[in-house]
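The opening position of the sequence shown corresponds to residue 507 in my numbering, with each subsequent residue numbered one higher.
Ideal Cβ placement from N, Cα and C applies to all residues, glycine included.
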Amino acid sequence: MFRNRQVGLSLIELMISLVIGLILMLGVTQIFAASRAASRLSEGVARAQENGRFALEFIERDIRMAGHTGCVNDQAHFIKGTAALRNNFTATTGSGNPLDFSVAIQGYEAANTGPGNTLSVGEGTIPDGLPASISGLSPAPVPGSDILVLRFFAPEGIPVTAINGQDLTVDPLRWARLTEGGVATPTLFGISNCDTADFFAGTTASGTVTGTTVDFSSYAPQPAPTMVYRAESMVYYIGDGTNGPGLRRARADSAGTYSINEELVEGIETLQLIYGLDTTATITAETPPVGNITVQDIASGVSTAADATGAAEWRRVGLVQVGLVARSASPIGGGGSSKPTDAAATLGVLGMTYDQDAVTDGRYRAAYEVSVALRNRLFGN
């Protein structure tokens with residue numbers, strides 16, 4: 507008879523198999539970890555790039571419109587004479603009041619954030635000399651970032667078909683032009699006929715804009731080139747949002763309050779600005795701007811005066827350089843305690859060094875810059 511034999515693995519063979527299996531599992535785990543880290547890095551870079559592009563797009567669009575008052579810009583009106591551009595609000599010229607439409611662009615510089623300076627992440631100060639309307643914003647501006655104020659007519663207006671006292675009749679089919687962009691009930695308006703322009707407070711009903719404290723007698727309805735616009739007075743700044751700092755835009759109403767405050771893009775940590783000034787030192791009918799930008803300076807170098815002298819300096823601005831730092835929404839690797847490498851510890855933002863060497867939040871950061879010309883301010887356009 508044949509004896510049945512039981513065949514199996516020896517202890518040595520079992521141990522060798524376990525070691526091989528562990529090596530294979532370790533390799534798979536390392537590949538998974540590396541793939542996961544690469545995915546998080548890729549996602550962080552993509553989010554930062556996306557946020558940076560969106561932020562620049564918003565700012566570029568509104569900077570280009572600064573001073574738009576219909577057929578011609580505010581500089582052209584001031585050259586013809588201040589009577590051609592009327593501000594029907596009580597606001598001291600150059601004061602920083604949201605309703606001071608005599609100045610199309612103003613800026614406020616955070617101390618020690620200009621070219622040649624170094625700013626560490628999370629440090630810095632809030633700009634000095636802020637008007638109460640800006641210092642009282644909620645959420646408040648974060649330290650270390652510049653602040654930009656813009657005033658203009660919205661890009662698209664509506665033809666005025668009839669004028670009856672204080673009432674402007676417009677085409678109701680184009681009414682959406684006055685309420686687009688998140689302003690459901692506008693109270694700031696502008697009217698222009700390519701010769702004169704008025705900023706005024708008003709109320710609306712379907713097809714009608716009713717002005718207050720404004721004289722429409724110098725305007726004629728269509729076929730004259732009379733258009734009514736929504737007027738914009740806005741401030742761009744960095745403030746805390748749903749996921750840390752972000753680019754915010756606050757819009758003013760006819761009471762002079764920034765009543766509409768929205769976070770446009772999350773993950774924007776700092777905003778830096780440099781202004782290009784026209785060669786002409788004093789813009790008047792006798793000395794008009796030439797459209798050549800020969801001086802560039804930070805806001806405090808343009809003017810800190812809150813009066814007509816300061817306003818005159820801000821009218822020289824024809825170009826704005828914008829720099830910002832965008833960060834990823836979450837850590838890209840190493841949890842929340844990793845630091846950037848030495849090569850990535852500092853970023854350049856318009857000549858300023860943005861130092862993140864002490865940061866341990868593991869987020870990816872990148873700097874973005876753009877130069878923006880104001881509408882019809884440079885030579886040849």
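Buried or exposed (CB count within 10 angstroms, at least 16 for buried), residue i
{"i": "Val525", "result": "exposed"}
{"i": "Ala753", "result": "Checking the displayed sequence, the identity of residue 753 turns out to be Leu instead of Ala. Buried, by the Cβ-count rule."}
{"i": "Arg680", "result": "exposed"}
{"i": "Glu472", "result": "Within the shown structure, residues of the chain are numbered from 507 to 887, placing residue 472 beyond reach of any answer."}
{"i": "Ala832", "result": "buried"}
{"i": "Leu694", "result": "buried"}
{"i": "Asn557", "result": "buried"}
{"i": "Ala805", "result": "buried"}
{"i": "Asp568", "result": "buried"}
{"i": "Val534", "result": "exposed"}
{"i": "Gly782", "result": "buried"}
{"i": "Ile529", "result": "exposed"}
{"i": "Ala707", "result": "buried"}
{"i": "Asp634", "result": "exposed"}
{"i": "Ile522", "result": "exposed"}
{"i": "Ile664", "result": "buried"}
{"i": "Ser651", "result": "buried"}
{"i": "Pro854", "result": "The question names Pro, yet the displayed sequence has Gly at residue 854. With fewer than 16 other Cβ atoms within 10 Å, it is exposed."}
{"i": "Gly593", "result": "Reading off the sequence, residue 593 comes out as Asn, not Gly. Per the 10 Å Cβ criterion, buried."}
{"i": "Glu792", "result": "exposed"}
DSSP three-state assignment for residue i, whether helix, strand or coil
{"i": "Asn767", "result": "strand"}
{"i": "Arg559", "result": "helix"}
{"i": "Arg869", "result": "coil"}
{"i": "Arg553", "result": "helix"}
{"i": "Thr716", "result": "strand"}
{"i": "Val689", "result": "coil"}
{"i": "Phe722", "result": "coil"}
{"i": "Thr732", "result": "coil"}
{"i": "Arg757", "result": "strand"}
{"i": "Ser877", "result": "strand"}
{"i": "Leu684", "result": "helix"}
Between the CA atoms of residue j and residue i - distance to the nearest angstrom
{"i": "Gln581", "j": "Arg821", "result": "7 Å"}
{"i": "Gly910", "j": "Leu656", "result": "Absent from the structure is residue 910, since the part of the chain shown begins at 507 and ends at 887."}
{"i": "Gly620", "j": "Met858", "result": "6 Å"}
{"i": "Ala787", "j": "Glu615", "result": "21 Å"}
{"i": "Asp759", "j": "Ile537", "result": "56 Å"}
{"i": "Ser626", "j": "Gln862", "result": "6 Å"}
{"i": "Ser712", "j": "Gly573", "result": "28 Å"}
{"i": "Leu674", "j": "Pro729", "result": "14 Å"}
{"i": "Gly630", "j": "Gln672", "result": "49 Å"}
{"i": "Arg559", "j": "Glu738", "result": "23 Å"}
{"i": "Ala539", "j": "Pro837", "result": "15 Å"}
{"i": "Ala817", "j": "Leu880", "result": "16 Å"}
{"i": "Ala610", "j": "Thr599", "result": "11 Å"}
{"i": "Thr732", "j": "Met740", "result": "25 Å"}
{"i": "Asp701", "j": "Leu605", "result": "22 Å"}
{"i": "Ile892", "j": "Ala646", "result": "Within the shown structure, residues of the chain are numbered from 507 to 887, placing residue 892 beyond reach of any answer."}
{"i": "Ser834", "j": "Gly747", "result": "14 Å"}
{"i": "Ser765", "j": "Val689", "result": "11 Å"}
{"i": "Tyr860", "j": "Thr785", "result": "31 Å"}
{"i": "Val551", "j": "Arg869", "result": "10 Å"}
{"i": "Asn882", "j": "Ala561", "result": "23 Å"}
{"i": "Gly527", "j": "Leu520", "result": "11 Å"}
{"i": "Ser644", "j": "Val865", "result": "26 Å"}
{"i": "Gln802", "j": "Val578", "result": "25 Å"}
{"i": "Ala659", "j": "Thr716", "result": "Reading off the sequence, residue 659 comes out as Phe, not Ala. Distance between the alpha carbons of Phe659 and Thr716 is about 17 Å."}
{"i": "Asn618", "j": "Gly587", "result": "38 Å"}
{"i": "Thr763", "j": "Leu636", "result": "14 Å"}
{"i": "Ile789", "j": "Val828", "result": "24 Å"}
{"i": "Glu686", "j": "Arg570", "result": "18 Å"}
{"i": "Ala703", "j": "Leu684", "result": "17 Å"}
{"i": "Phe595", "j": "Asn623", "result": "39 Å"}
{"i": "Ser601", "j": "Asn699", "result": "28 Å"}
{"i": "Ile653", "j": "Gly628", "result": "17 Å"}
{"i": "Arg871", "j": "Pro649", "result": "18 Å"}
{"i": "Arg553", "j": "Ile640", "result": "29 Å"}
For residue i, the residue or residues it bridges with in DSSP
{"i": "Ile653", "result": "Tyr614"}
{"i": "Val676", "result": "Val666"}
{"i": "Thr776", "result": "Val831"}
{"i": "Met521", "result": "Met521 pairs with nothing; no bridge assigned."}
{"i": "Thr709", "result": "Thr716"}
{"i": "Ala646", "result": "DSSP lists no partner for Ala646."}
{"i": "Gly750", "result": "Gly747, Thr748"}
{"i": "Gly696", "result": "Phe705, Tyr735"}
{"i": "Phe659", "result": "Ala737"}
{"i": "Thr859", "result": "Thr624, Gly854"}
Proximity test, Cβ basis, 8 Å: residue i and chain C
{"i": "Asp863", "result": "The structure shown has no chain C; it contains just one protein chain."}
Next item on the list: Write down every uninterrupted run of the beta strand (DSSP E) in the segment 778-854 whose length is 3 residues or greater and which is fully enclosed by it, in chain order.
Entry: 799-803, 823-833
Margin query: If we require 4 or more residues per run, which alpha helix (DSSP H) segments fall completely within the segment 567-637?
Written below: 580-586
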